[in-house]
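**Student:**
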Amino acid sequence: MFRVRIEWGGIRQDGSPILTLLPQGNLGTRIQAPSVRQGGFTLLEIIVVVLIISLMAGAVAGMAYRQSDAFRLTLAGRQVYGFLRSARSFALLDERENPCLYDPATRELTEQARGKRLRLPDGVNLAWSESAGTAEPEEDREEGVPVARFYPDGSSDGSGVLLYAGRRELRLSLDPVFGWVRLEMQPQGAG
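When we follow my numbering, the leftmost residue of the sequence shown carries the number 521, and every step to the right adds one.
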(Lines of atoms letter the chains of each structure in order from A and count residues from 1; the text may use other names and numbers.)
(Lines give C-alpha, C1' and ligand atoms only; values in the text may rest on other atoms or scores of the structure.)
Protein backbone atom coordinates (compact mmCIF):
# COMPACT_ATOMS: atom_id res chain seq x y z
CA MET A 1 0.00 0.00 0.00
CA PHE A 2 1.22 3.46 -0.85
CA ARG A 3 0.80 6.34 1.60
CA VAL A 4 1.42 10.06 1.14
CA ARG A 5 1.83 12.67 3.84
CA ILE A 6 1.07 16.32 2.97
CA GLU A 7 2.99 19.06 4.78
CA TRP A 8 1.93 22.67 4.85
CA GLY A 9 4.78 24.97 3.81
CA GLY A 10 3.10 28.37 4.01
CA ILE A 11 1.76 30.78 1.37
CA ARG A 12 3.65 32.18 -1.64
CA GLN A 13 3.64 35.89 -2.52
CA ASP A 14 1.04 35.31 -5.24
CA GLY A 15 -1.30 33.75 -2.67
CA SER A 16 -0.95 30.11 -3.64
CA PRO A 17 -0.22 27.55 -0.91
CA ILE A 18 3.05 25.67 -0.62
CA LEU A 19 2.26 22.01 -0.20
CA THR A 20 4.83 19.26 0.02
CA LEU A 21 3.90 15.65 -0.66
CA LEU A 22 5.97 13.15 1.27
CA PRO A 23 5.52 9.56 0.20
CA GLN A 24 5.55 7.07 3.03
CA GLY A 25 7.49 3.91 2.42
CA ASN A 26 10.61 3.17 0.43
CA LEU A 27 10.34 5.92 -2.27
CA GLY A 28 11.91 8.65 -0.16
CA THR A 29 11.44 11.48 -2.70
CA ARG A 30 9.69 14.77 -2.13
CA ILE A 31 7.00 15.85 -4.60
CA GLN A 32 5.84 19.46 -4.69
CA ALA A 33 2.26 20.16 -5.68
CA PRO A 34 1.67 22.56 -8.60
CA SER A 35 0.34 26.01 -7.82
CA VAL A 36 -3.37 26.56 -7.71
CA ARG A 37 -3.23 29.34 -10.39
CA GLN A 38 -5.14 28.40 -13.55
CA GLY A 39 -3.56 28.84 -17.02
CA GLY A 40 -5.09 30.43 -20.12
CA PHE A 41 -5.72 33.83 -21.63
CA THR A 42 -8.13 36.54 -20.63
CA LEU A 43 -10.81 37.71 -23.03
CA LEU A 44 -9.05 41.06 -23.40
CA GLU A 45 -5.80 39.37 -24.49
CA ILE A 46 -7.63 37.29 -27.10
CA ILE A 47 -9.43 40.36 -28.50
CA VAL A 48 -6.15 42.29 -28.79
CA VAL A 49 -4.47 39.40 -30.66
CA VAL A 50 -7.41 39.02 -33.07
CA LEU A 51 -7.39 42.77 -33.72
CA ILE A 52 -3.64 42.77 -34.50
CA ILE A 53 -3.99 39.79 -36.86
CA SER A 54 -6.89 41.42 -38.73
CA LEU A 55 -4.95 44.69 -39.16
CA MET A 56 -1.94 42.80 -40.55
CA ALA A 57 -4.13 40.80 -42.94
CA GLY A 58 -5.77 44.00 -44.21
CA ALA A 59 -2.41 45.64 -44.83
CA VAL A 60 -1.10 42.61 -46.74
CA ALA A 61 -4.28 42.35 -48.84
CA GLY A 62 -4.04 46.04 -49.74
CA MET A 63 -0.42 45.72 -50.83
CA ALA A 64 -1.23 42.61 -52.88
CA TYR A 65 -4.07 44.45 -54.65
CA ARG A 66 -1.80 47.37 -55.57
CA GLN A 67 0.89 45.00 -56.83
CA SER A 68 -1.47 42.95 -59.03
CA ASP A 69 -1.14 45.42 -61.96
CA ALA A 70 2.64 45.23 -61.77
CA PHE A 71 2.52 41.43 -61.60
CA ARG A 72 0.18 41.12 -64.60
CA LEU A 73 2.25 43.62 -66.58
CA THR A 74 5.54 41.86 -65.81
CA LEU A 75 4.05 38.48 -66.73
CA ALA A 76 2.64 39.84 -70.00
CA GLY A 77 5.95 41.56 -70.77
CA ARG A 78 7.87 38.33 -70.37
CA GLN A 79 5.36 36.49 -72.56
CA VAL A 80 5.52 39.10 -75.35
CA TYR A 81 9.33 39.20 -75.04
CA GLY A 82 9.50 35.42 -75.57
CA PHE A 83 6.95 35.63 -78.37
CA LEU A 84 8.97 38.26 -80.29
CA ARG A 85 12.23 36.37 -79.77
CA SER A 86 10.71 33.18 -81.14
CA ALA A 87 9.25 35.14 -84.11
CA ARG A 88 12.78 36.39 -84.90
CA SER A 89 14.11 32.82 -84.62
CA PHE A 90 11.41 31.55 -87.01
CA ALA A 91 12.39 34.24 -89.56
CA LEU A 92 16.02 33.11 -89.36
CA LEU A 93 15.22 29.39 -89.53
CA ASP A 94 12.65 29.65 -92.33
CA GLU A 95 14.73 32.27 -94.20
CA ARG A 96 11.71 34.49 -94.90
CA GLU A 97 10.03 37.58 -93.50
CA ASN A 98 7.95 37.08 -90.40
CA PRO A 99 5.48 39.86 -89.60
CA CYS A 100 3.85 39.91 -86.17
CA LEU A 101 0.27 41.17 -86.06
CA TYR A 102 -1.93 42.33 -83.19
CA ASP A 103 -5.70 41.94 -83.30
CA PRO A 104 -7.26 44.45 -80.87
CA ALA A 105 -10.63 42.66 -80.98
CA THR A 106 -9.28 39.34 -79.68
CA ARG A 107 -6.24 40.88 -77.91
CA GLU A 108 -3.99 38.33 -79.66
CA LEU A 109 -0.53 38.59 -81.17
CA THR A 110 0.11 36.33 -84.17
CA GLU A 111 3.36 35.63 -86.00
CA GLN A 112 2.83 34.70 -89.64
CA ALA A 113 5.67 32.21 -90.27
CA ARG A 114 4.29 29.39 -88.13
CA GLY A 115 1.00 30.81 -86.89
CA LYS A 116 1.98 30.98 -83.23
CA ARG A 117 -0.50 33.02 -81.14
CA LEU A 118 -0.32 34.81 -77.80
CA ARG A 119 -3.34 36.24 -75.98
CA LEU A 120 -2.66 39.13 -73.60
CA PRO A 121 -3.84 38.71 -69.98
CA ASP A 122 -6.91 40.65 -68.87
CA GLY A 123 -6.09 44.13 -67.64
CA VAL A 124 -3.00 44.45 -69.86
CA ASN A 125 -3.26 46.56 -73.03
CA LEU A 126 -0.93 46.98 -75.98
CA ALA A 127 -0.02 50.08 -78.00
CA TRP A 128 2.18 49.84 -81.09
CA SER A 129 4.44 52.16 -83.03
CA GLU A 130 3.24 53.20 -86.47
CA SER A 131 6.61 52.37 -88.07
CA ALA A 132 5.73 48.67 -87.95
CA GLY A 133 3.09 48.96 -90.66
CA THR A 134 4.65 51.35 -93.15
CA ALA A 135 5.55 48.65 -95.68
CA GLU A 136 2.07 47.15 -95.77
CA PRO A 137 -0.97 48.76 -97.46
CA GLU A 138 -4.06 49.50 -95.35
CA GLU A 139 -6.27 46.98 -97.18
CA ASP A 140 -3.97 44.07 -96.21
CA ARG A 141 -4.53 44.68 -92.49
CA GLU A 142 -7.62 42.46 -92.13
CA GLU A 143 -5.78 39.96 -89.92
CA GLY A 144 -4.50 42.58 -87.49
CA VAL A 145 -2.26 45.57 -86.97
CA PRO A 146 1.45 44.97 -87.70
CA VAL A 147 3.52 45.53 -84.56
CA ALA A 148 6.84 44.02 -85.65
CA ARG A 149 8.50 42.54 -88.71
CA PHE A 150 11.55 40.28 -88.72
CA TYR A 151 13.65 39.64 -91.82
CA PRO A 152 15.52 36.48 -92.94
CA ASP A 153 18.88 37.92 -91.84
CA GLY A 154 17.63 38.39 -88.25
CA SER A 155 17.14 42.14 -88.48
CA SER A 156 13.84 43.87 -87.75
CA ASP A 157 11.92 46.98 -88.73
CA GLY A 158 12.99 48.66 -85.47
CA SER A 159 9.46 49.03 -84.16
CA GLY A 160 8.30 48.50 -80.62
CA VAL A 161 5.28 47.90 -78.46
CA LEU A 162 4.13 49.45 -75.23
CA LEU A 163 2.29 47.31 -72.70
CA TYR A 164 0.35 49.07 -69.97
CA ALA A 165 -1.80 48.10 -67.00
CA GLY A 166 -3.25 50.82 -64.82
CA ARG A 167 -0.57 53.51 -64.46
CA ARG A 168 2.33 51.15 -65.11
CA GLU A 169 4.03 50.79 -68.49
CA LEU A 170 6.49 48.37 -70.02
CA ARG A 171 8.21 48.99 -73.36
CA LEU A 172 9.54 46.34 -75.74
CA SER A 173 11.76 47.75 -78.46
CA LEU A 174 13.47 46.01 -81.38
CA ASP A 175 17.00 46.67 -82.56
CA PRO A 176 16.73 47.37 -86.32
CA VAL A 177 20.13 45.87 -87.21
CA PHE A 178 20.30 42.73 -85.07
CA GLY A 179 16.60 42.24 -84.28
CA TRP A 180 17.24 41.90 -80.56
CA VAL A 181 14.27 42.49 -78.29
CA ARG A 182 14.82 44.82 -75.34
CA LEU A 183 12.44 44.95 -72.38
CA GLU A 184 12.31 48.19 -70.36
CA MET A 185 10.12 48.88 -67.34
CA GLN A 186 8.95 52.49 -67.46
CA PRO A 187 8.90 54.46 -64.18
CA GLN A 188 5.42 54.65 -62.67
CA GLY A 189 3.54 57.64 -64.03
CA ALA A 190 6.00 58.20 -66.91
CA GLY A 191 4.81 58.07 -70.44
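Backbone N, C-alpha and C define an ideal beta-carbon position, used for all residues, glycine too.
Return the chain-ordered ranges of every alpha helix (DSSP H) run that is complete within the stretch 554-620 and spans a minimum of 4 residues.
**Tutor:** The qualifying runs are 563-614.
**Student:** What's the call for W648, buried or exposed, on a 16-neighbour Cβ count within 10 Å?
**Tutor:** Result: buried.
**Student:** Could you tell me how far apart the beta carbons of A685 and D677 are, in whole angstroms, since I believe they sit closer than 8 Å?
**Tutor:** 26 Å between Cβ atoms; not a contact.
**Student:** So is P537 buried or exposed if we call it buried at 16+ other beta carbons inside 10 Å?
**Tutor:** P537 is exposed by the Cβ-count criterion.
**Student:** I need the boundaries of the beta strand (DSSP E) containing V697, first residue and last residue.
**Tutor:** Segment: none, V697 is in no beta strand (DSSP E) and carries neither H nor E.
**Student:** At what residues does the beta strand (DSSP E) containing G680 begin and finish?
**Tutor:** Per DSSP, G680 belongs to the beta strand (DSSP E) from G680 to A685.
**Student:** Let me confirm a value: T630 is counted as buried when at least 16 other C-beta atoms fall within 10 Å, else exposed. Which label applies?
**Tutor:** It is buried - the Cβ of T630 has at least 16 other Cβ atoms within 10 Å.
**Student:** If you measure between the beta carbons of G674 and G643, is that distance less than 8 Å?
**Tutor:** It is not a contact, given that the beta carbons lie outside the stated cut-off.
**Student:** If contact is defined by three or more beta carbon pairs under 8 Å, each pair taking one atom from either stretch, is the stretch 595-607 in contact with the stretch 560-573?
**Tutor:** Because the criterion of three Cβ pairs below 8 Å is not met, the stretch 560-573 and the stretch 595-607 do not touch.
**Student:** Do you know offhand how far L683's Cα is from L646's?
**Tutor:** So the alpha carbons of these two residues sit roughly 5 Å apart.
**Student:** Look at the alpha carbon of R637 and the alpha carbon of V580, and state the distance between them as a whole number of angstroms.
**Tutor:** Taking the straight line joining both Cα atoms gives about 36 Å.
**Student:** Any idea if R702 is buried or exposed, counting beta-carbon neighbours within 10 angstroms, 16 or more meaning buried?
**Tutor:** Answer is exposed; the Cβ neighbour count stays below 16.
**Student:** Once the 5 residues before and after G664 are set aside, which same chain residues still bring their CB inside 7 Å of it?
**Tutor:** Once the five neighbours on either side are set aside, the close Cβ partners of G664 are L621, Y622, D623 and T630.
**Student:** Using a Cβ-Cβ cut-off of 6 Å (strictly less than) and excluding sequence neighbours within five positions of R592, which residues of its own chain qualify?
**Tutor:** Within the same chain, R592 has close Cβ partners P641, G643, V644 and A685.
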